[in-house]
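Reviewing the structure listed below.
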Amino acid sequence: MFVTVGMESRPLQLLLLLTHLGTFCYSDATSLYLRITCDNTLTLFVDGIDQAPNLYNKREWDHEDVVEISPTFRVIAVRCENGNQDTEMGLLASLEDDNEEIILTSDTENWRCIEGRPENWMAVDFDDGGWEKAIPSRISGTHGMMISEDAVWITAAADPRKRFNCRYVRPIREPTLGKLLLLSYCYRGVSLYCTFPILLHNN
């Protein structure tokens, strides 16, 4: 993929491009597929957009929903509710690419959860720094679902019985030295426009 950018008088465009190069892509997939379920009721947002129209099994904890999402997504936000039941709760999910390669699973390292529901908790720019890492739920197994067996049922640290929210925020990779040098050369060059490749990472 090639991009042509006018550098001589556009520092803002240069800054935005640097920010873009700081992100990373999951393989060369054109789409990713999120397999997800909640015990008992699922609410899902991807980059702040409500996925309710794409959820056909949101009240069937032993049947996962499959949602196609963009490879450039930033945040997955999930709300699990248990109605009036006083039983174990949990979230189970895995993300795969076009080649069915598992990219991400629900785990206790990369997901943060909370029992409450702060305002705008599903937004991309929401600060979840005060949320604790997810803990394992007492639920186990995939129960015949096509969710990766590496995925772990997770819940909030308070081990709630009614409802909880979880977020996965995609990490940002800093631009490589080579890209920064290339951009610097383009910016300082005498030519009005500079054309160069943007390399997509495999992980």
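Residue numbers (this note's numbering): 105 to 307. Each residue gets a CB set at the ideal place from its N, CA and C atoms; glycine is no exception. Model, not experiment: these values are computed from the prediction.
Close beta carbons around residue i, own chain, < 6 Å, minus the five adjacent residues each side
i: L120; result: Its pLDDT being 43, under 50, L120 is placed unreliably by the model, and nothing is read from it.
i: A156; result: none
i: A261; result: E236 and I239
i: H167; result: N161
i: W257; result: G194, L196, S241 and I243
i: T209; result: S198, S252, D254 and A255
Sub-9 Å separation of residue i and residue j beta-carbons
i: D263; j: I239; result: yes
i: D201; j: Y137; result: yes
i: I218; j: D229; result: no
i: T145; j: C184; result: yes
i: C270; j: L196; result: no
i: V171; j: M250; result: no
Closest by C-alpha distance to residue i, when choosing among the options
i: M226; options: N158, Y272, Q189 and N161; result: Y272
i: S135; options: E168, I173 and G152; result: I173
i: D211; options: G194, H247 and E223; result: G194
i: D309; options: I180, R265, T176 and N144; result: The first residue shown for the chain is 105 and the last is 307, placing residue 309 beyond what the model contains.
i: W165; options: G152, T147 and G220; result: T147
i: P222; options: V182, E213, V171 and P175; result: V182
i: N224; options: R139, I140 and F149; result: F149
Those residues which DSSP pairs with residue i across a bridge
i: A197; result: I140
i: L208; result: L199
Nonlocal neighbours in the same chain, by C-beta distance under 8 Å from residue i, ignoring five residues either side
i: I206; result: S198, L199, E200, S252 and D254
i: R178; result: D151, V228, V273 and R274
Any non-hydrogen atom of the ligand FAD within 8 Å of residue i CB
i: M249; result: Among the components of this structure there are no ligands whatsoever, and the ligand FAD is therefore not found.
Sequence-distant residues of the same chain with beta carbon closer than 7 Å to residue i, five excluded per side
i: N186; result: N144, M193, R265, K266 and R267
i: L303; result: Legend: pLDDT at L303 = 38, less than 50; position of this residue unreliable, value from coordinates given subsequently. Result list for L303: empty, nothing under 7 Å.
i: N188; result: none
i: G220; result: none
i: R163; result: N144 and T145
Delimiting residues of the beta strand (DSSP E) encompassing residue i
i: D169; result: D169 to I173
i: E253; result: Premise fails: E253 is in no beta strand (DSSP E) and is neither H nor E.
i: N269; result: R267 to V273
i: R183; result: V179 to E185
i: V228; result: That residue, V228, is in no beta strand (DSSP E); it is neither H nor E in DSSP.
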